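What follows is a short report on a single structure.
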Amino acid sequence: MEEARCELQDNDWYMTMEELDAFIAVLYIRGAIGAHNLDLDSLWSIKWGNPIIKATMSRNRFREIMKYLRFDHKSSRRQRLNEDKFAMISDICYEFIANAQACYIPGPYITIDEQLFPSKCRCRFTQFIRSKPDKYGQKFWMAVDKDANYIINAFPYLGKDDHKPNGERLGDWVVKKLMEPYINKGRNVTCDNFFTSLLLAEYLKSKNTSVVGTVNRVRREIP
18 MEEARCELQD NDWYMTMEEL DAFIAVLYIR GAIGAHNLDL DSLWSIKWGN PIIKATMSRN
78 RFREIMKYLR FDHKSSRRQR LNEDKFAMIS DICYEFIANA QACYIPGPYI TIDEQLFPSK
138 CRCRFTQFIR SKPDKYGQKF WMAVDKDANY IINAFPYLGK DDHKPNGERL GDWVVKKLME
198 PYINKGRNVT CDNFFTSLLL AEYLKSKNTS VVGTVNRVRR EIP
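Note that my numbering numbers the sequence shown so that position 23 is 40, with each residue one more than the last.
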């Protein structure tokens, strides 16, 4: 609310918790009906709009909340960005992941891959991936329960990461980090050839975890 009051020069601007819940509900509904690529006006269209969305919140109020919604404090943002490129949303993102893990026990099969969330915003970690339908966006590494398509772990790709050990393949490190809460429990990991390697397979085997995936034939360990 501080952001809105400052920009609008209106100390009376207010958003209730019920409105925030309704805003988040609209986002969930938008994803559930596969409408994430539709413009907002279509969701509130008199003829084609979704009746649940229209009954939940007005389009103009949704736009207003989306415009001013922030997940950090602007006063300390500059300092935190020096240490964390993801600082503007990192707290809420990692809290979301923690809640997702607390609310669900995944089955025996976990899939790991990258996910590009389309966006052309000016951001230090916006990626361009020519092979994707939407070529610009923020890339996340994600672990998902195979049967439920439920996200059980994720983190953004921000470029060079000081936490990654020198000399370790990025794909190996990503899988280890995503699977950290779930190793030594007899689960299986499925991934593509960006992630698979002999070293990764040996590591997972030592942690009572199997791996299935395509293998790049140019890997040095492949005869």
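The C-beta atom is built at its ideal place from N, Cα and C for all residues, glycine as well.
Treat the numbers as computed from the prediction; the structure is a model and nothing was measured.
Beta-carbon contacts of residue i that lie in its chain and below 7 Å, excluding the five residues immediately before and after
i          : result
residue 46 : 67, 69 and 70
residue 60 : 47, 52, 66, 67 and 70
Residues bridged to residue i (per DSSP)
i           : result
residue 128 : 161 and 207
residue 228 : 206
residue 144 : 154
residue 134 : 155
From the options, residue whose alpha carbon lies closest to that of residue i
i           : options              : result
residue 185 : 99, 92, 214 and 134  : 214
residue 230 : 62, 129 and 95       : 129
residue 225 : 167, 197 and 208     : 197
residue 84  : 181, 40, 199 and 114 : 40
residue 148 : 131, 59, 65 and 219  : 131
residue 208 : 86, 140, 232 and 150 : 232
residue 73  : 190, 151, 36 and 99  : 36
residue 227 : 86, 199 and 136      : 199
Contact check, residue i vs residue j, beta carbons under 8 Å
i           : j           : result
residue 123 : residue 82  : no
residue 158 : residue 217 : no
residue 88  : residue 108 : yes
residue 236 : residue 125 : no
residue 193 : residue 220 : yes
residue 76  : residue 57  : yes
Residue i - containing beta strand (DSSP E), residue span
i           : result
residue 172 : 167-173
Cutoff 8 Å; reference residue i; Cβ partners in own chain excluding five residues on either side
i           : result
residue 144 : 133, 153, 154, 155, 156 and 174
residue 121 : 162, 165, 167 and 169
residue 103 : 110, 142, 173 and 175
residue 238 : 214, 215 and 216
residue 189 : 212, 214, 216, 217 and 220
residue 94  : 104 and 105
residue 140 : 155
Residue i - containing alpha helix (DSSP H), residue span
i           : result
residue 114 : 107-119
residue 58  : 57-60
residue 32  : Where residue 32 is concerned, there is no enclosing alpha helix (DSSP H), given that its DSSP letter is neither H nor E.
residue 98  : 94-100
residue 195 : 187-196
residue 199 : Premise fails: residue 199 is in no alpha helix (DSSP H) and is neither H nor E.
residue 238 : Here residue 238 belongs to no alpha helix (DSSP H), and DSSP marks it neither H nor E.
residue 76  : 76-85
residue 50  : Taken as a continuous stretch (DSSP letters only), residue 50 belongs to no alpha helix (DSSP H), as it is neither H nor E.
residue 69  : 68-73
Residues near residue i by beta carbon distance below 6 Å, same chain, minus five either side
i           : result
residue 160 : 127, 129, 169, 170 and 195
residue 105 : 89
residue 135 : 151 and 154
Proximity test, residue i beta-carbon vs the ligand GTP heavy atom, cut-off 7 Å
i           : result
residue 138 : Annotation note on the ligand GTP: not contained in the displayed structure, which lists no ligands.
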